[in-house]
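Engineer: Here it is, the structure in full.
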Amino acid sequence: MADITAAMVKELREQTQLPMMKCKKALQDAGGDMEAAKKALREEGAKFIDGRGDRSTEEGRIAIYTDVEKGPGAIIELQVESAPVAGNEEVIALANDLAKQLATGPGAATPEELWEQPSPSKPGQTLKEVRDDIVNKIREVFRLPRILRIDGPCGGYVHHDAKTGVLLEVEGGDADMAKDISMHVAAMKPKAATKDELDAALVDAEKQIQIERARSEGKPENIIEKMIEGRMRNFYAEHVLEEQPFVKDDKQTVAAIAKSAGMKVKGFTLWKVGETSAAEAEPATAS
1 MADITAAMVK ELREQTQLPM MKCKKALQDA GGDMEAAKKA LREEGAKFID GRGDRSTEEG
61 RIAIYTDVEK GPGAIIELQV ESAPVAGNEE VIALANDLAK QLATGPGAAT PEELWEQPSP
121 SKPGQTLKEV RDDIVNKIRE VFRLPRILRI DGPCGGYVHH DAKTGVLLEV EGGDADMAKD
181 ISMHVAAMKP KAATKDELDA ALVDAEKQIQ IERARSEGKP ENIIEKMIEG RMRNFYAEHV
241 LEEQPFVKDD KQTVAAIAKS AGMKVKGFTL WKVGETSAAE AEPATAS
């Protein structure tokens, strides 16, 4: 059996932040091979995740990577079990690396594919290996339910608690304006970027409500249509990003503010931690 020195155990503990006895045993099992011991500890973390697959992951964080000039942009949702872990520095760095690699790497069709890619900030390690190292120390389940990359210029915004994030696809403008409009999206929660993108069934239902309301008010049929056009403007101002009054200057619409900055908003993605319905996973786009 290899001679496991206190210095070796101390070195492994400093690299993994795991208890001394666990590090000593890993080194003993690996015959003193430091890299093999670290690999075994990572694999132990992976088994831990597999064994706790039914655990609830209601906390987490949204992370984005943006490039307003040329793109691409990316947004990810990383879920964990508790709020303190969601705010852990290593977890924050992992979430940011996931978004960066998704945007700047070859892309990934699934979260599993992304986990297997290199970590941008940890040379020689995959994102999965970084995750497993953290899991070994923290002992919580990590999940990556949603990832999205947009192959075009993007800006964005993540709320201070990292539970809400916006990825904004744009043409022109700058990062500051993109961030301001993304903050607007997070606050006002529009359903679509433009009127054309709004769910036709939702629009038709609202028109019928307004028609029936006008009839109940005794309005003549020949003027109801013009009345409805006016009333629908309020509906669009509530649900459509371009039509909404801008939160920082409600005398102008978002479309007008963007135009004044030389920017066209092409679409947006608004995510909140824990909201993983198929509809929310699809970006709202503008033609």
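With the UniProt record's numbering, letter number 223 in the sequence shown gets 223, and the count goes up by one each step, no holes.
Quick reminder that beta carbons are idealized off the backbone N, C-alpha and C, glycines included.
1. If you run the structure through DSSP and keep just helix, strand and coil, what is D161?
2. Alpha carbon to alpha carbon, how far is T5 from A36?
3. Could you check how far apart the C-beta atoms of H184 and V247 are, in whole angstroms? I think they sit under 8 Å.
4. Can you give, in chain order, each stretch of the beta strand (DSSP E) that sits fully within the stretch 69-142 and has at least 3 residues?
5. Would you kindly check if the distance between the Cβ of L114 and the Cβ of L102 is under 7 Å?
6. Hey, I224 and A214: beta-carbon distance below 7 Å or not?
7. Compute the Euclidean distance between the alpha carbons of V265 and V166, then round it to the nearest angstrom.
8. So for K251, helix, strand or coil by DSSP?
9. Pairing CB atoms from the stretch 62-75 with CB atoms from the stretch 36-45, are three or more of them under 8 Å?
10. Could you tell me the alpha carbon to alpha carbon distance between A186 and F235, rounded to whole angstroms?
11. Whose C-beta lies closer than 6 Å to the C-beta of Q252 among residues of the same chain, with five residues either side of it excluded?
12. Going by DSSP in three states, V9 sits in which element: helix, strand or coil?
13. Hey, could you find the ends of the alpha helix (DSSP H) A187 is sitting in?
14. Let me know if E116 comes out buried or exposed under the rule of 16 or more other beta-carbons within 10 Å of its beta-carbon.
15. Quick one: residues in its chain with C-beta nearer than 8 Å to the C-beta of P106, no 5 flanking neighbours on either side, listed in chain order?
16. Taking the DSSP output, what are the residues bridged to E169?
17. Skipping 5 residues on each side, what residues in its chain have a beta carbon closer than 8 Å to that of P145?
18. Can you tell me which of the three DSSP states I257 falls into?
19. For my contact list, A86 and R61 are in at a C-beta cut-off of 8 Å; report their separation, rounded to the angstrom.
Structural biologist: Let me spell this out:
1. Numbered from 1 along the sequence shown, position 161 holds the residue referred to as residue 161. In the displayed model, D161 falls within coil according to three-state DSSP, outside both helix and strand.
2. On the sequence shown, position 5 is the one that residue 5 refers to. On the sequence shown, position 36 is the one that residue 36 refers to. One alpha carbon belongs to T5, the other to A36, and they sit about 16 Å apart.
3. Along the sequence shown, one-based indexing puts residue 184 at 184. Along the sequence shown, one-based indexing puts residue 247 at 247. Yes, H184 and V247 are in contact; Cβ-Cβ is about 5 Å, under 8 Å.
4. Taking only runs of at least 3 residues, the beta strand (DSSP E) segments lying wholly in the stretch 69-142 are 73-80.
5. One-based indexing of the sequence shown puts residue 102 at position 102. One-based indexing of the sequence shown puts residue 114 at position 114. Closer than 7 Å, so yes.
6. For the purposes of this step, residue 224 is taken as residue 224 along the sequence shown, with counting starting at 1. For the purposes of this step, residue 214 is taken as residue 214 along the sequence shown, with counting starting at 1. Judged by their CB atoms, I224 and A214 are nearer to each other than the 7 Å cut-off.
7. In the sequence shown, counting from the first residue as 1, residue 265 sits at position 265. In the sequence shown, counting from the first residue as 1, residue 166 sits at position 166. Approximately 13 Å, taken between the alpha carbons.
8. Reading the sequence shown from its first residue, position 251 is the one you call residue 251. The answer is strand: DSSP assigns K251 an E or B state.
9. Judged by Cβ distances under 8 Å, the stretch 62-75 makes no contact with the stretch 36-45, as fewer than three pairs qualify.
10. One-based indexing of the sequence shown puts residue 186 at position 186. One-based indexing of the sequence shown puts residue 235 at position 235. Computed Cα separation, rounded: 19 Å.
11. In the sequence shown, counting from the first residue as 1, residue 252 sits at position 252. Listed in chain order, the non-local C-beta contacts of Q252 below 6 Å within the same chain comprise F246, local neighbours out to five positions each way being set aside.
12. Taking the sequence shown and counting its residues from 1, the one referred to as residue 9 is at position 9. In the structure shown, V9 sits in a helix (DSSP, three-state: H, G or I).
13. Here residue 187 refers to the residue found at position 187 of the sequence shown. It spans A175 to M188 - the alpha helix (DSSP H) in which A187 sits, taken as one unbroken run.
14. Position 116 of the sequence shown holds residue 116. With fewer than 16 other Cβ atoms from the protein chains shown falling within 10 Å of its own Cβ, E116 counts as exposed.
15. Here residue 106 is taken as the residue at index 106 of the sequence shown, counted from 1. Closer than 8 Å at the Cβ level, and outside the excluded window around P106, lie Q117.
16. In the sequence shown, counting from the first residue as 1, residue 169 sits at position 169. Per the DSSP secondary-structure output, E169 pairs in a beta bridge with C154 and G267.
17. The residue labelled residue 145 in the question sits at position 145 within the sequence shown. Answer for P145: E77, Q79, P111 and T276, listed in chain order.
18. If you number the sequence shown from 1, residue 257 lands on position 257. When DSSP states are grouped into helix, strand and coil, I257 belongs to the helix group.
19. Numbered from 1 along the sequence shown, position 86 holds the residue referred to as residue 86. Numbered from 1 along the sequence shown, position 61 holds the residue referred to as residue 61. About 5 Å; that satisfies the 8 Å criterion.
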